[in-house]
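According to our numbering, the sequence shown is numbered sequentially starting from 629. See below for the structure under consideration.
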Amino acid sequence: MKIITIVGARPQFIKAAAVSRAFAKHSQIEEVIVHTGQHFDANMSDIFFEEMQIPRPQYNLDVNGLGHGAMTGQMLEKIEKVLLDEKPDWVLVYGDTNSTIAGALAASKLHIKVAHVEAGLRSFNMRMPEEVNRILTDRISTVLFCPTQTAIDNLVAEGYDNIDITKSLSGDVMQDAAMFYAAKSRKPAMDLPDEFVLATIHRAENTDDLQRLTSIFEAFDTIGETTPVVLPLHPRTLNIIKKNKLQIDDSKIKLIEPVGYLEMVYMLQNCKMVMSDSGGLQKEAFFFAKPCVTLRDETEWVELITNGFNTIVGADQEKIISAFNNQKFDLDYTMNLYGGGKAADNIAEELLNIN
Numbered sequence: 629m630k631i632i633t634i635v636g637a638r639p640q641f642i643k644a645a646a647v648s649r650a651f652a653k654h655s656q657i658e659e660v661i662v663h664t665g666q667h668f669d670a671n672m673s674d675i676f677f678e679e680m681q682i683p684r685p686q687y688n689l690d691v692n693g694l695g696h697g698a699m700t701g702q703m704l705e706k707i708e709k710v711l712l713d714e715k716p717d718w719v720l721v722y723g724d725t726n727s728t729i730a731g732a733l734a735a736s737k738l739h740i741k742v743a744h745v746e747a748g749l750r751s752f753n754m755r756m757p758e759e760v761n762r763i764l765t766d767r768i769s770t771v772l773f774c775p776t777q778t779a780i781d782n783l784v785a786e787g788y789d790n791i792d793i794t795k796s797l798s799g800d801v802m803q804d805a806a807m808f809y810a811a812k813s814r815k816p817a818m819d820l821p822d823e824f825v826l827a828t829i830h831r832a833e834n835t836d837d838l839q840r841l842t843s844i845f846e847a848f849d850t851i852g853e854t855t856p857v858v859l860p861l862h863p864r865t866l867n868i869i870k871k872n873k874l875q876i877d878d879s880k881i882k883l884i885e886p887v888g889y890l891e892m893v894y895m896l897q898n899c900k901m902v903m904s905d906s907g908g909l910q911k912e913a914f915f916f917a918k919p920c921v922t923l924r925d926e927t928e929w930v931e932l933i934t935n936g937f938n939t940i941v942g943a944d945q946e947k948i949i950s951a952f953n954n955q956k957f958d959l960d961y962t963m964n965l966y967g968g969g970k971a972a973d974n975i976a977e978e979l980l981n982i983n
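Encoded structure:
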């Protein structure tokens with residue numbers, strides 16, 4: 629059984645590595661990895677693949693730096709050529725990026741079976757390109773690997789019980805990855821406070837809205853009076869801060885350059901709590917037993933909200949400060965919400981059974 633895996637960003641490589649390790653246990657599975665090139669990442673050097681024990685892609689399509697339509701179109705064209713040459717039994721895609729929908733579309737039009745990992749997630753915000761990508765990918769897939777029961781429930785609510793598509797509660801491959809890399813974490817080169825809040829901001833809804841961005845940083849400034857906020861910052865966000873002349877007190881808010889995944893795992897292991905607008909970091913906070921405050925107006929990971937591990941505050945300064953001041957640190961993180969690190973094995977076995 630030949631599987632083409634489509635990836636386009638560093639987080640997808642980390643997820644795919646967990647599944648590749650599971651595939652490697654089965655001699656019947658041949659995997660070919662295709663990197664669309666969607667996100668250029670200087671951290672994805674040869675050292676990255678070696679340290680992370682991630683298979684190198686056999687194809688790099690080098691599609692990046694374009695608008696959504698142009699990027700997806702070029703990926704679709706180039707992926708189609710790979711599929712025609714390789715003739716796989718399956719195309720495996722992850723999450724909700726342009727690479728995801730391009731891979732699924734290319735396969736679907738060639739009548740190749742599509743497996744969607746992280747299926748069924750919904751933010752119910754159609755202004756998010758990711759929401760459009762994940763909904764369309766689900767609909768043209770052959771099997772939907774759902775990380776949570778909520779994801780299954782979303783699909784049922786959308787009528788998927790009446791569609792000839794297999795739903796599988798696989799668990800979340802990000803938990804597999806977190807468990808694998810926990811022992812390989814590495815301290816960042818910079819000095820870290822003994823106690824700190826780990827924060828990230830990257831979504832356009834926050835970075836491109838000066839009122840929201842200012843509100844978030846004013847909240848961080850207040851929080852930093854008692855607990856420093858450490859913020860690995862993307863250069864794009866840093867440029868926005870400089871352009872708008874936002875005042876950052878480095879005794880309260882420590883801006884640092886982006887870090888690699890192993891450094892981020894270290895900071896997750898050693899921080900007091902997490903504040904972020906990242907989808908993945910919400911779960912990783914849970915995996916490393918840290919409470920999270922989400923700087924968005926909604927989340928796909930509603931089970932974290934329901935069970936008290938995560939608090940949604942948007943960009944409201946008072947809500948951010950209140951969530952910090954009233955945070956509980958005695959929660960039961962042993963709760964099995966994401967499959968307990970067995971998702972990748974479940975995916976490999978399910979594909980063998982279906983094939």
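Here a beta-carbon is modelled for each residue, glycine too, at the ideal position from N, C-alpha and C.
Who does residue i pair with in a DSSP beta bridge?
i	result
Y722	V745
C920	V902 and N938
P860	I884
N663	Note that residue 663 is His in the sequence shown, not Asn. Per DSSP, V635 and N688.
V771	A743 and T794
K630	E658
Are the CB atoms of residue i and residue j nearer to each other than 8 Å?
i	j	result
L764	L738	no
G748	K970	no
I780	V742	no
T842	T865	no
I634	V660	no
T776	L965	yes
E978	N753	no
For residue i, does the count of other Cβ atoms within 10 angstroms reach 16, so buried, or fall short, so exposed?
i	result
K918	buried
L909	buried
H744	buried
T962	exposed
I948	buried
Check residue i in the structure and name its three-state DSSP category.
i	result
P821	coil
H830	coil
S796	strand
V691	coil
F952	helix
L866	helix
K970	coil
L874	coil
F957	coil
Report the option in the options whose CA atom is closest to the CA atom of residue i.
i	options	result
I707	F641, I740, M680 and R684	I740
D724	Q686, Q666, Q777 and D781	Q666
I982	Q945, I829 and T794	T794
E928	Q640, T778 and P683	T778
R684	S648, D713, V921 and G701	S648
Q803	L980, M629, A646 and I975	A646
If you measure from the beta carbon of residue i to each beta carbon in chain B, is any gap under 8 Å?
i	result
N935	The structure shown contains no chain B; it holds only a single protein chain.
Between residue i and the ligand GDP, is the CB less than 7 Å from at least one heavy atom?
i	result
F937	With respect to the ligand GDP, the structure offers nothing, as it holds no ligand at all.
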